[in-house]
Amino acid sequence: MTHSAGILGVGAYVPETVCTNQDIVNRGVNTSHDWIVERTGIHARRLASEHETTTYMSEQAARKALASAGLNPQDLDMIVVATTTPDYRGFPSVATQVQVALGAGSCPAWDLSAACSGFVYGLDVVTRLIESGGYQRVLLIAADRLSHRVDWSDRSTCILFGDGAGAVVLGRVDTGGVVATALHADGSHGSILSLPNDPPYIDMDGQSVFKVAVNCVVPSVLEALELAGLTVSDVDWFIPHQANQRIMDHAIKKLGLPADRMVCHIDRYGNTSAASIPIGLAEASAQFKSGDVVVVIGFGAGFTWGTGVILWQ
Ligand SMILES: CC(C)(COP(=O)(O)OP(=O)(O)OC[C@H]1O[C@@H](n2cnc3c(N)ncnc32)[C@H](O)[C@@H]1OP(=O)(O)O)[C@@H](O)C(=O)NCCC(=O)NCCS
C-alpha cells in the first residue's frame, strides 16, 4: 500500500549578524552597493558567528518546524540534513549532531550533499520513503554556512552568499502533499562551481553558472508539473532557489507567471544555498491556503537541479 507524504510543519533560522553591501565595501572589497543590487538583487546577507554552526542553525530551524507541526523530537523516525558545509569535514554528520541536540532518540540520521539543490533532493527521497510506508515522520533540514567558505577578497563570490537554515517535517497525509518531484544532475559541469580542498574557497565561473541555471529551471518546472498533471496556470506559489534575482525573474517571465506568485528573500539573505527554499517556505507559508499549488525549484553545484510540486494542506 502506498501513502501520501506532505509537509506537516516548517521553520527557519538566519543568523543575527546582518552584512549589508556597504559593509562589504567597508571590508575593502572593490565593489559597490549599486553594482551588487543591479547584478544580483542582493542588499544584505546574514553571517553566522562562531556559535552559529551548521548544527546550531539546523537545530533552531528544526525546533520551529516541529512546533509548527505540533510534534516532539521523539515523534521523528528519521532526520536528514541537506548541507555542503557540515561542521566536521567528514563525520559525525550534522544530522546526528542535530539528533542529540533535539533529544530525538535513536532514529536514523544522515547528511545529503547536493549543494543548492539539497532541499529538493531531500524532498524527493524523503517523500518516496514515506510513500513506501517505511517511515512516517521525517525531519528534513537544509542548512549552509557558505560565508566561511568564500575568499573575502574575491568580489565575484563574496557578495553572493549568506548563511541560514530551513526545515520541514514531512509525514503521511490523506490527500495532497508532495504530488511530484523530478531530479537531475549533469556532472560534466562540475568545474564551473566548486569548493575545493585547497584553497578551501568557492571557485565559480559566474557567467557559466548563470547560463546553465537559466537553461535548467524552466524545463525542470514543466517536467514536474506534467508529472503532477498540472500546468503553469495552476501554480499559486513559486519558490525558486535564491541565487540571483535575474535568474529568478527570467524564470517567471519564461513560465508566464505573475511576479507576485514568486517568493523572494534574496534581497535580505543573499544565496543561502540549500537553505533558501525552506526559508522561503517558512516565511511565505502563513499566506498559503489549503489546496494551493506550491512549486519549489532548486539548482546548484554539480550541476544538480530538481523541482517539487506540493499541494498545500
Ligand atoms: C557573479 C555574477 C553576479 C557576475 O555578474 P556578471 O554580470 O556575470 O558579471 P561578469 O562576471 O561578466 O563581470 C563583469 C565585470 O564586473 C566585474 N565584477 C565582478 N564582480 C564584481 C563586483 N562584486 N563588483 C564590481 N564589479 C564586479 C568583473 O570583474 C567584470 O569586470 P571586467 O569587465 O572589467 O572584467 C553573475 O555571473 C552571477 O550571479 N552568476 C551566477 C552565480 C550563481 O548563481 N552562483 C550560485 C549558483 S547556486
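Under this note's numbering, the first residue of the sequence shown is numbered 124, with each subsequent residue one higher. Backbone N, C-alpha and C define an ideal beta-carbon position, used for all residues, glycine too.
Whose CA, out of the options, lies closest to the CA of residue i?
| i | options | result |
| --- | --- | --- |
| leucine 262 | Ala407, Val160, Asn144 and Gly129 | Gly129 |
| serine 396 | Leu269, Val337, Leu235 and Cys339 | Leu269 |
| valine 137 | Val243, Glu182 and His364 | Glu182 |
| asparagine 149 | Arg278, Glu173 and Gly393 | Arg278 |
| serine 167 | Val417, Val292 and Gln145 | The question names serine, but residue 167 in the sequence shown is alanine. That would be Gln145, whose Cα lies nearest to the Cα of alanine 167. |
| threonine 143 | Val133, Val160 and Pro401 | Val160 |
| tryptophan 360 | Ser127, Asp415, Ser317 and Asn338 | Asp415 |
| methionine 180 | Ala290, Ile165, Asp157 and Tyr244 | Ala290 |
| serine 408 | Thr154, Leu131 and Phe214 | Leu131 |
Verify the contact flag: residue i, CB atom, against every heavy atom of ligand 1, threshold strictly below 7 Å.
| i | result |
| --- | --- |
| tryptophan 435 | no |
| isoleucine 402 | no |
| isoleucine 282 | yes |
| leucine 306 | no |
| valine 341 | no |
| arginine 162 | yes |
| serine 270 | no |
With residue i and residue j assumed to form a contact (beta carbons below 8 Å), what rounded beta-carbon distance in angstroms separates them?
| i | j | result |
| --- | --- | --- |
| glutamate 346 | alanine 305 | 5 Å |
| methionine 227 | alanine 405 | Residue identity check: residue 227 is alanine in the sequence provided, not methionine. The pair is not a contact, with the Cβ atoms about 20 Å apart (cut-off 8 Å). |
| isoleucine 389 | glutamine 410 | That belief does not hold up - the Cβ atoms of isoleucine 389 and glutamine 410 are roughly 18 Å apart, past 8 Å. |
| aspartate 234 | serine 255 | The Cβ separation is near 21 Å, so there is no contact. |
| valine 302 | leucine 434 | 5 Å |
| valine 292 | isoleucine 420 | About 21 Å; that fails the 8 Å criterion. |
| isoleucine 264 | alanine 336 | Isoleucine 264 to alanine 336, Cβ: 24 Å. No contact. |
Examine chain D for any beta-carbon lying closer than 8 Å to the beta-carbon of residue i, and answer yes or no.
| i | result |
| --- | --- |
| phenylalanine 361 | Of the protein chains in the structure, only one exists, and it is not chain D. |
Evaluate residue i with the Cβ neighbour count: other Cβ atoms within 10 Å of its Cβ, from every protein chain shown; 16 or more gives buried, anything less gives exposed.
| i | result |
| --- | --- |
| threonine 439 | No information on residue 439 is available, as it lies outside the stretch 124 to 436 that the chain covers here. |
| proline 323 | exposed |
| alanine 190 | exposed |
| phenylalanine 284 | buried |
| tyrosine 258 | buried |
Determine the direct distance from the alpha carbon of residue j to that of residue i, and round the result to whole angstroms.
| i | j | result |
| --- | --- | --- |
| threonine 163 | alanine 366 | 8 Å |
| aspartate 383 | alanine 424 | 28 Å |
| aspartate 286 | alanine 351 | 32 Å |
| alanine 266 | glycine 300 | 23 Å |
| leucine 353 | proline 401 | 22 Å |
| valine 386 | methionine 371 | 10 Å |
| valine 203 | glycine 193 | 19 Å |
| proline 209 | alanine 218 | 9 Å |
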